[in-house]
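Trainee: Numbering (the UniProt record's numbering), first residue to last: 1 to 109.
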């Protein structure tokens, strides 16, 4: 958001040719706010972009930073969690034919 035209031009010329068509269709750039309002309702935009949300972009950045800092303890408490791989069945992988078996009969527990 609010990228200079040089950055948008570089994105279009350098990055987009390597992206899949589906991803390219999802990237939308706007030359002005009126074209943005056609795609994004004003109710979803901050006040400094002409929207009706109560805060501006800077305030939302600070709010999200505070929320991330508040959630940091939750993430730190869980960083030592690991999967118990001892109960995982051995995978019979053949380098020529891939995984052993077929998916003709897929059993879901």
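Glycine is no exception: its CB is placed at the ideal position from the N, C-alpha and C atoms. All values reported here derive from a predicted model rather than from experimental measurement.
So, under 8 Å CB-CB, residue 57 and residue 48 are touching, yes? Tell me the CB distance rounded to an integer number of Å.
Mentor: That belief holds up - the Cβ atoms of residue 57 and residue 48 are roughly 6 Å apart, short of 8 Å.
Trainee: With a 10 Å radius around its C-beta and 16 neighbouring C-beta atoms as the bar for buried, classify residue 50 as buried or exposed.
Mentor: Classification for residue 50: exposed.
Trainee: Using CA coordinates, which residue listed in 3, 23, 74, 16 is at the minimum distance from residue 30?
Mentor: Closest option to residue 30, Cα to Cα, is 3.
Trainee: Which stretch, first to last residue, makes up the alpha helix (DSSP H) that contains residue 22?
Mentor: Taken as a continuous stretch (DSSP letters only), the alpha helix (DSSP H) holding residue 22 covers 21-26.
Trainee: So for residue 3, helix, strand or coil by DSSP?
Mentor: Correct three-state label for residue 3: coil.
Trainee: For residue 82 and residue 5, what's the separation of their Cα atoms in angstroms?
Mentor: Roughly 45 Å separates the two Cα atoms.
Trainee: Mapping DSSP to helix, strand and coil, what is residue 51?
Mentor: In this structure, residue 51 counts as coil in the three-state DSSP scheme.
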